[in-house]
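Okay, structure first, notes after.
This is the structure in structure tokens:
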């Protein structure tokens, strides 16, 4: 797993934990939902990009 994917995974876990905030902090849960959606999409993209296979065309 790349460093970028690991960072987005930590952000997703942290913002998922913030969803358990009390009902009085509605702005916090809304921000956590937005951060969770963004970091989840970015995590999926980072994982796809990190799985590129490097091909060496020189055959010996």
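In mature numbering (1 follows the signal peptide of the UniProt record, and there is no 0), the protein residues as written are -20 to -1, 1 to 40. Just so you know, even glycine gets a beta-carbon here, dropped at the ideal spot from N, CA and C. Please read these numbers as outputs of a predicted model, since none were measured by experiment.
Local conformation of residue i per DSSP, three classes
i: residue 17; result: helix
i: residue -1; result: helix
i: residue -19; result: coil
i: residue 5; result: coil
Exposure label - residue i; buried when at least 16 CB within 10 Å
i: residue 19; result: buried
i: residue -1; result: exposed
i: residue -16; result: buried
i: residue 8; result: exposed
Integer-rounded CB distance, given that residue j should sit under 8 Å from residue i
i: residue 12; j: residue -13; result: The pair is not a contact, with the Cβ atoms about 15 Å apart (cut-off 8 Å).
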